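Here the structure is laid out as structure tokens; the discussion comes afterwards.
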Amino acid sequence: MQYQNKFSLNQLTIRTFIVFWLGFFAMMALVVTLPYLDSTIYSSLQEKEIAYYQKKIAESIRNNKIKSLVAKMPILPIDKSASPRPVLFDPNKKEILGAFNDEKNYVYRFIDNANEFAHPMKKNFNDIQIAGPFQIYLDDFSDPFSLFFISRVNPYQEILRYMIDYPIVLFLLTVFITSPLLWWFTYTIVKPISRLQKAANSIALGNFEVDPQLTKHGPIELRQVGQSFNRMAKSISNLISNHQNLLSSISHELKTPLTRLQLATALIRHQTGDNLAVKRIEKEIERMDKMINELLLISRQKMNTQIERDIFPAENIWNEVIQDALFEAEQQNIKFEQNINLPNKNNDQIFLNGNINLLQSAVENIVRNALKYTKDKIKLSIFIQEEEEE
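Next comes the structure, spelled out in structure tokens:
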């Protein structure tokens, strides 16, 4: 499989680049939309803000700004830039004093939602911020007026100031936006790597089957790794298969001259009778025939190893072998000792994944060699040793 596209969403570099910029633009979009979201929120004034506006009330009274508003003196365009600017609301006449025409609608909306003197609030309307109400008496006989302050603000600066004052909010927003992107990005990388790890473990257990999923999912770079891994598994499988076929072929080829030797030996015995040389030749031919049969047996077993794999209790490997060995050792007056030391937590059995015939054959080969070459005693030890990882 060839990957020709230089620019593809399945490329790890392109995907990393896209995830970064998606997170960046998502943050920018949130910052742009936050002022509009904030404009729908009425927030209570903090103590330091209330103290600030109380100071501004005192200044407005001292500078006769309140009297000017009551006298309905015209406000100049230059007053629009004054921040904050006091605005009065007459509850009896429902009249707003000191506000420009484009501001009055916002003030009325604010009054409808914030009308408690004990809990002054603030709210942004585009580039206008209104704070209040504050109670103020103009004389001893009239009802109190509601005093508000109008400020011209930059909504983005307000958001930035808010985030500086509350960095935890910025942190939570960043986590909220980037977490789904990072999870998706990590998942698309980790999943094919996990599949590759399972394939490698399968190879280690002797299963050389090619996994086509390694080349179908994940970034292109990991697909290429999976493709190379499958080629490696296939090459190893072919190498082992060729080796086994070669071993089997050699064994079969040796059978032919061995059969001729057996015939020739029989003719010699017929002509000369039994003698020491003929017996020696027959003994060596018998030994060679046994070795060739063992090679053929091993070759057949190994050829079926990749197919005949099963999960079974570990003691199934040696139980029958030990029973047979005990019987033979008793007949030969050989002392047979066994020491089986396996971890047994909660009486749980230990299971193996492999070819039970090959494993039994390996154990039996060791035990029979011991019976063959020992004089009077055999000590069999079975234990589990953890393999050190490189």
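Taking the UniProt record's numbering, I'd label the letters of the sequence shown as residues 1 to 390. For every residue, glycine included, the Cβ atom is placed at its ideal position computed from N, Cα and C. None of these values were measured; they are calculated from a predicted model.
Outcome for residue i when other beta-carbon atoms lying within 10 angstroms are tallied against a minimum of 16
{"i": "Ser146", "result": "buried"}
{"i": "Ile62", "result": "Strictly speaking, residue 62 in this sequence is Arg, with Ile absent from that position. Exposed: under 16 other Cβ atoms inside 10 Å."}
{"i": "Phe25", "result": "exposed"}
{"i": "Ala204", "result": "exposed"}
{"i": "Val175", "result": "exposed"}
{"i": "Leu97", "result": "buried"}
{"i": "Lys198", "result": "exposed"}
{"i": "Val107", "result": "buried"}
{"i": "Leu214", "result": "buried"}
{"i": "Thr275", "result": "In the sequence under discussion, the amino acid at residue 275 is Asn, which differs from the Thr named in the question. Under this definition Asn275 is an exposed residue."}
{"i": "Ser60", "result": "buried"}
{"i": "Phe336", "result": "buried"}
{"i": "Asn357", "result": "exposed"}
{"i": "Lys279", "result": "exposed"}
{"i": "Val190", "result": "exposed"}
{"i": "Asn245", "result": "exposed"}
{"i": "Met114", "result": "Met is not the amino acid found at residue 114; the sequence shown has Ala there. Result: buried."}
Straight-line Cα distance separating residue j from residue i
{"i": "Leu181", "j": "Glu221", "result": "20 Å"}
{"i": "His119", "j": "Tyr53", "result": "13 Å"}
{"i": "Glu315", "j": "Asn353", "result": "13 Å"}
{"i": "Gly23", "j": "Thr16", "result": "11 Å"}
{"i": "His243", "j": "Ile250", "result": "11 Å"}
{"i": "Asp376", "j": "His270", "result": "41 Å"}
{"i": "Asn319", "j": "Leu297", "result": "22 Å"}
{"i": "Ala370", "j": "Asp289", "result": "22 Å"}
{"i": "Tyr137", "j": "Phe89", "result": "12 Å"}
{"i": "Asp102", "j": "Phe148", "result": "16 Å"}
{"i": "Lys72", "j": "Lys56", "result": "20 Å"}
{"i": "Pro212", "j": "Ile18", "result": "28 Å"}
{"i": "Ala325", "j": "Ala264", "result": "38 Å"}
{"i": "Val367", "j": "Val321", "result": "8 Å"}
{"i": "Thr188", "j": "Asn201", "result": "21 Å"}
{"i": "Ala131", "j": "Phe185", "result": "45 Å"}
{"i": "Gln349", "j": "Leu254", "result": "44 Å"}
{"i": "Ser194", "j": "Ile240", "result": "26 Å"}
{"i": "Asn355", "j": "Glu364", "result": "14 Å"}
{"i": "Ala329", "j": "Leu380", "result": "12 Å"}
{"i": "Lys122", "j": "Ile111", "result": "11 Å"}
{"i": "Ile285", "j": "Pro257", "result": "11 Å"}
{"i": "Pro133", "j": "Ser68", "result": "19 Å"}
{"i": "Arg260", "j": "Val225", "result": "53 Å"}
{"i": "Gln135", "j": "Lys94", "result": "15 Å"}
{"i": "Val210", "j": "Lys234", "result": "7 Å"}
{"i": "Gln262", "j": "Glu294", "result": "18 Å"}
{"i": "His252", "j": "Arg287", "result": "16 Å"}
{"i": "Lys372", "j": "Lys283", "result": "17 Å"}
Simplified DSSP assignment, three categories, for residue i
{"i": "Glu390", "result": "Note that Glu390 scores a pLDDT of 49, beneath 50, so its modelled location is shaky; the value from the coordinates is reported in the next line. Glu390 falls in the coil class under three-state DSSP."}
{"i": "Pro180", "result": "helix"}
{"i": "residue 401", "result": "Any property of residue 401 remains undetermined from this structure, which presents the chain solely from 1 to 390."}
{"i": "Phe148", "result": "strand"}
{"i": "Gly354", "result": "strand"}
{"i": "Ile75", "result": "coil"}
{"i": "Gly132", "result": "strand"}
{"i": "Ser60", "result": "helix"}
{"i": "Asp143", "result": "coil"}
{"i": "Phe185", "result": "helix"}
{"i": "Ile111", "result": "helix"}
{"i": "Leu138", "result": "coil"}
{"i": "Ile378", "result": "strand"}
{"i": "Asp102", "result": "helix"}
{"i": "Glu95", "result": "strand"}
{"i": "Asn124", "result": "strand"}
{"i": "Val153", "result": "coil"}
{"i": "Ser83", "result": "coil"}
{"i": "Leu69", "result": "helix"}
{"i": "Leu88", "result": "strand"}
{"i": "Phe117", "result": "coil"}
{"i": "Met1", "result": "Note that Met1 scores 44 on pLDDT, short of 50, meaning its location in the model is unreliable and no value can be drawn from it."}
Identity of the residue in the options nearest residue i by Cα
{"i": "Pro343", "options": "Lys191, Ala325, Ile384 and Gly206", "result": "Ile384"}
{"i": "Pro192", "options": "Ala199, Pro212, Gly218 and Asn207", "result": "Gly218"}
{"i": "Asp139", "options": "Lys80, Phe185, Tyr106 and Ile66", "result": "Ile66"}
{"i": "Asn333", "options": "Ile317, Ser361, Ile378 and Asn357", "result": "Ile378"}
{"i": "Pro77", "options": "Thr178, Glu209 and Phe100", "result": "Phe100"}
{"i": "Leu247", "options": "Ala233, Gln224, Met291 and Thr259", "result": "Met291"}
{"i": "Pro91", "options": "Gln129, Glu59 and Pro144", "result": "Pro144"}
{"i": "Phe208", "options": "Val225, Lys216, Arg223 and Met232", "result": "Met232"}
{"i": "Asn105", "options": "Ile50, Ile128, Gly226 and Lys93", "result": "Ile128"}
{"i": "Ile311", "options": "Leu359, Asn341, His252 and Ile168", "result": "Leu359"}
{"i": "Ala58", "options": "Tyr42, Arg85, Phe327 and Ser361", "result": "Arg85"}
{"i": "Ile317", "options": "Ala277, Ser361 and Leu196", "result": "Ser361"}
Quick check for students: name the residue ranges of the beta strand (DSSP E) that lie wholly in the region 303–341, counting only runs of 3 or more. Within the region 303–341, the complete beta strand (DSSP E) runs of at least 3 residues are 310–313 and 335–341.
As an exercise, report each continuous beta strand (DSSP E) stretch of at least 3 residues that is fully enclosed by the region 203–276, in chain order. Listed in chain order, there is nothing to give.
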